[in-house]
Amino acid sequence: MRIGFVTQLLWERYGPFWQRLFEEAGVEVLFPDEEKALASLDDDRVRSVSGASFRLAVAQALSLAQVDLLVAPSLNPASEARRGGGQDPWVSDFPAALGTIGGLPPVLGVPALLAPEQQTLVVETLQQLIRDPGRVRRVWDRHRAALRHEPVPPPSWTTVAGRKTIGVVGQPWLLRSQLVERVAPEGVTAIGQHRLDPLLLREEGERIDPRMIPTDREVLGAVRHFSRRGSVSELHLVIDETSGADIWLRERALKQSAREIVVRPLTELVSGPEELLVGL
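Below, the structure is given as structure tokens:
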């Protein structure tokens, strides 16, 4: 059996666990073909998708069309919120939205943040793949301890004399180290939202508005967190102007922050989709 992974969206949070699990289960694990994915951006099935990261994710899926099963992250599992990103089917339930694309194999949605409560999903998936209860138990026992969210160590907030520090916030699937580095001018230190623990940020965002989906709470929680830091002199918000969810988030962040926010359109930071593509 061949299982393909969509790596574009928060792979680092969930992917390594599921990759190791499937490899030990004896299935063939495949990753998107970068050349095929970029070529698929011209496909009508991709061009209709909102948001550059989600277009790339769908393009990755199309490059894996010959596998038996696709694994895709559920960015906001079990959330029924309908504000902000909750109105965008790609953000609110990416695996279900991906399942509507013609020409793809079945899609297995897995939560983008690991948690022990996902044991049932893991065991049921292994049972479908292996069909040997004893072997399922042995594989699960070896990986059980890894099914948990690892807290993110806090960054150093120590400032350097004469050097400005800025906080960079945005959708978690956008904020990777390479992009954050492009936000900061020469001589400026940038601390990205991706260096903070997402669960702590979501808890903070829930105090702002519990009716938001978890990923929106994560971003607005980061806005509030950075706003409290005296060592952070500016906030920069990265947005994808092709995403309606990002436009809503921008307006909410501007109202929420006690500090001025510098809005940084994604198109100013990258020259093309190949610079956003997350491959392995």
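Residue numbers (my numbering): 13 to 292.
Note that the Cβ used here is the ideal one computed from N, Cα and C, for glycine as well.
Model, not experiment: these values are computed from the prediction.
Selected residue, minimal CA-CA separation from residue i, among the options
i, options, result
"Ser104", "Ser239, Met224, Glu162, Leu212", "Met224"
"Thr279", "Leu247, Pro85, Val195", "Val195"
"Ala84", "Gly199, Pro222, Trp30", "Trp30"
"Val134", "Arg271, Arg32, Pro117", "Arg32"
"Glu6", "Pro226, Gln72, His206", "Here the chain has residues from 13 to 292 only, and residue 6 is not among them."
"Ala124", "Ala64, Arg241, Tyr26", "Tyr26"
"Leu126", "His155, Leu232, Val58", "His155"
"Arg160", "Pro28, Val61, Leu21, Gln20", "Pro28"
"Ala65", "Arg262, Leu186, Arg207", "Residue 65 is actually Ser in this sequence, not Ala. Per the Cα distances, Leu186."
"Arg175", "Phe106, Asp153, Ser91, Ser245", "Ser245"
"Glu253", "Ala173, Leu247, Val275", "Val275"
"Glu40", "Val164, Leu81, Asp55", "Leu81"
Extent of the continuous alpha helix (DSSP H) run through residue i
i, result
"Val330", "Any question about residue 330 goes unanswered here, given that the chain covers just 13 to 292."
"Ala265", "256-268"
"Ile220", "210-220"
"Phe238", "226-240"
"Ile178", "From DSSP, Ile178 is part of no alpha helix (DSSP H) but of the beta strand (DSSP E) over 176-182."
"Arg149", "145-155"
"Arg223", "That residue, Arg223, is in no alpha helix (DSSP H); it is neither H nor E in DSSP."
Start and end residues, beta strand (DSSP E) containing residue i
i, result
"Pro277", "273-277"
"Pro28", "Element bounds for Pro28: not the beta strand (DSSP E) but the alpha helix (DSSP H), 23-36."
"Leu249", "246-251"
"Ala202", "200-204"
"Glu287", "Element bounds for Glu287: n/a, residue is neither H nor E."
"Glu40", "40-42"
Same chain, Cβ closer than 8 Å to residue i, neighbours up to 5 away in sequence not counted
i, result
"Leu42", "Arg14, Ile15, Gly16, Phe17, Leu76, Val79"
"Ile142", "Ala37, Gly38, Val148, Val151"
Close beta carbons around residue i, own chain, < 6 Å, minus the five adjacent residues each side
i, result
"Trp169", "Ser243"
"Gln72", "Val18, Gln20, Pro44, Ala49"
Neighbourhood of residue i by C-beta distance below 7 Å, restricted to the same chain and skipping five residues each side
i, result
"Glu46", "Leu289, Gly291"
ask   = Okay, do the stretch 251-258 and the stretch 81-101 touch, 3+ Cβ pairs below 8 Å being the bar?
value = yes
query = Quick one: any contact between the stretch 273-287 and the stretch 175-195, if contact means 3 or more CB pairs under 8 Å?
reply = yes
ask   = What are the start and end residues of each continuous alpha helix (DSSP H) run of 4 or more residues lying completely inside the stretch 49-134, in chain order?
value = 56-59, 64-75, 101-104, 106-110
task = Decide if the stretch 233-250 is in contact with the stretch 268-279; the criterion is three or more beta carbon pairs, one per stretch, under 8 Å apart.
result = Contact between the stretch 233-250 and the stretch 268-279 is present, because at least three Cβ pairs lie under 8 Å.
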